[in-house]
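In our numbering, the protein residues as written are 14 to 697.
Every residue gets a Cβ at the ideal spot worked out from N, C-alpha and C, and that includes glycine.
What follows is one structure encoded as structure tokens, with my remarks underneath.
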Ligand code: FEO
Ligand code: CA
Ligand code: CA
């Protein structure tokens, strides 16, 4: 989700940049050639900073596509020789009998049968289960949030106080009619969230959605779910509707996610605070605990149910912010919130089987100055008996990362009774440690990061890549300044950290870390970008958000520059009209990014999104011949900055009508499928 203005929810004191640099240079940075903090870059050749072996200018990357250009326009772009087709759009049928899409008359009932809004994570589970089939499978797609300004006709707008008020269009409607319209929208919004499971098949080189599939499923913000793991039943999860604290309606703000080794679909709940309005009851002792999770906020989505009102249901926010596990092979199964994986603003939940057979899940908490987490299951995955893994994610150790300047990452376990996570610090149980994972991580001294988003284990190389989108607050007064792992103040372009588990053991207490790239335009002064010297004018990017690895271990990055995309590029041209986007800035997209030897730090632009959109969910089929992409929030309000539009982007007058380009059709978040014309592995 784009979020350039998320609340810095906390502040910490940090070692000074000088401390950091001194320690790092002395022990490891130069020895290993690790990319490090700004001041190091000033004194050491950029070639030495890219890590690994000696770096040569590389013009022969192991991918052979012809790079596309930076730019901004209303549609999508792929390299010559590639094909990009829209597979499914917001409002298309998912369940049998779904009505045809009517953008002006959406209701909760029809939306609950159709593809939801703002597709984010994409998982692929080959069919038949257990096969490596790359032509037939289930797509598991998250629907993170809604873009009200282009989703609904403009009968309402937000005023300066973020209150929803009627517009001129609503003149002539009485109060009852307006209230009815808001209720209908609330129901539509609830049904537009969650996820979709669709069956997809490639026939004659073309992908399509299988109609009336027995696997088809919509999960929404009102789907009944179970709460499992150590926090299930805790008094802080109990509500009027669920006195036992073990059942909850729905999932919210499902950003990235993961597919487990046993083929279940993990949906990460990210900015869940946005749904809960008003204050806690007078004198409520939990106010400071809630503040750590950004509560209260204004009720941005206007969900007309009492459970979203914390005055009435003060515990409901504790029931969101988890990882939800769904069995896509059984559409009747009850999704389960796995509390052992902690409660925070989960970006994703990608996993890898460790050498000892246990599953390791890597997770970012996407807000400024939040942390990187890891979960290691107690028990190994049973590869032969799928059902034996059903509750594997209920027991294990959640840890949070501390990045030391010498290049060591230490995993700090969030275990009740250890390291001060006990009654002396107001934790009465493991349940509380998990519900308040952020506060527990604060106490352990985890490293506050520049918005950790997707965390991608590369199953070919065993290394792990952490997307750090940006953090314009770093170094601002009262906020932590640059450190080794977050080496730029006012970091608007983001960076990528590479983790190398010791001896390939993802469960080890420590690992090595390194910076792969620092985003931004390397030709502009003052940005302090770090790329391979062979990079082209189109090869660099800002704000890495999602990542995918292909079957040969290639790393592909999806970007989300956010609503302030021009500003986040690090430049504003004073001669251009206010709000316009200067040259050299690009819409979001997909880049291949070299990680090894001479190609390390070399980016190559592969896909460009329509104006306003970020790119999510990159997912390859096992053969690497298909790349599924989720195009999220095309033409949203951030598109007003584009000179090609230059005015607010609204339902009636959007900056783009991608993908339909029909006069009465708003832009529609959609899944795009990219293949090579004539077949073959993408990038080859
Ligand atoms: Fe939903 Fe952090 O992107
Ligand atoms: Ca994002
Ligand atoms: Ca994201």
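Asked	Found
Test item: CB-CB of residue 512 and residue 524 under 7 Å	yes
Where residue 160 falls, given that 16 or more other Cβ within 10 Å makes a residue buried	buried
C-alpha distance - residue 111 paired with residue 268, whole-angstrom precision	25 Å
CA-to-CA distance, residue 225 to residue 100, given in whole angstroms	16 Å
For residue 116, the nearest candidate out of 625, 275, 271, 166 (CA to CA)	166
Contact test: residue 601 Cβ vs ligand 3 heavy atom, cutoff 6 Å	no
Nearest-angstrom beta carbon gap, residue 632 and residue 129 [assumed within contact, 8 Å]	Actually they do not touch by this definition, with Cβ atoms about 17 Å apart.
Where the beta strand (DSSP E) through residue 170 begins and ends	169-171
Pairwise C-alpha distance: residue 461 and residue 50	With a pLDDT of 32 at residue 50, under the threshold of 50, the modelled position of that residue is not reliable, and the figure given next carries that caveat. Taking the straight line joining both Cα atoms gives about 16 Å.
Beta-carbon separation (whole angstroms), residue 689 vs residue 94, contact threshold 8 Å	6 Å
Where the alpha helix (DSSP H) through residue 189 begins and ends	188-205
Residue 405 classed as buried or exposed, judged by whether at least 16 other C-beta atoms fall within 10 angstroms	buried
Check: residue 7 C-beta below 6 Å from any heavy atom of ligand 1	Residue numbering for the chain in the displayed model covers 14 to 697; residue 7 lies beyond these limits and cannot be assessed.
For review: beta carbons within less than 7 Å of any heavy atom in ligand 3	14, 133, 268, 269, 360, 379, 466, 467, 558, 559, 573, 629
Sequence-distant residues of the same chain with beta carbon closer than 7 Å to residue 502, five excluded per side	487, 488, 494, 495
The segment 666-683 contacting the segment 172-183, beta-carbon criterion three pairs below 8 Å	no
For residue 484, three-class secondary structure by DSSP	strand
Span separating the alpha-carbon of residue 363 from that of residue 378	13 Å
Rounded C-alpha distance that separates residue 444 from residue 247	7 Å
6 Å Cβ shell around residue 223 - same chain, five flanking residues per side excluded	212, 214
Nearest-angstrom Cβ-Cβ length linking residue 92 and residue 80, presumed shorter than 8 Å	7 Å
Where residue 436 falls: helix, strand or coil (DSSP)	helix
Proximity of residue 330 and residue 289 at Cβ, strictly below 7 Å	yes
Residues near residue 20 by beta carbon distance below 6 Å, same chain, minus five either side	Confidence in residue 20 is poor, its pLDDT being 40 and thus under 50, which makes the residue's placement too unreliable to answer from.
Neighbour-count burial assignment, residue 236, 16 or more Cβ in a 10 Å radius	buried
Proximity test, residue 363 beta-carbon vs ligand 1 heavy atom, cut-off 6 Å	no
Own chain residues within Cβ distance below 8 Å of residue 347, not counting five before or after	237, 238, 239
Integer Cβ distance of residue 283 from residue 327, believed to fall under 8 Å	Their Cβ separation, rounded to whole angstroms, is 22 Å, which puts residue 283 and residue 327 out of contact at 8 Å.
Residue-chain proximity (residue 219, chain C), Cβ-Cβ < 7 Å	Absent here is chain C; the protein component of the structure consists of one chain.
Any non-hydrogen atom of ligand 1 within 6 Å of residue 176 CB	no
Any non-hydrogen atom of ligand 1 closer than 6 Å to residue 283 Cβ	yes
Beta-carbon spacing of residue 509, residue 530 below 7 Å	yes
Proximity winner among 258, 622, 381, 260, relative to residue 84 (alpha-carbon distances)	622
Local Cβ density within 10 Å of residue 42, reported as buried at 16 or more and exposed below that	Confidence at residue 42 is low in this model, with a pLDDT of 35, below 50, so the placement of that residue is unreliable and no value is reported for it.
Cα-Cα separation between residue 152 and residue 209, rounded to whole angstroms	8 Å
Local Cβ density within 10 Å of residue 679, reported as buried at 16 or more and exposed below that	buried
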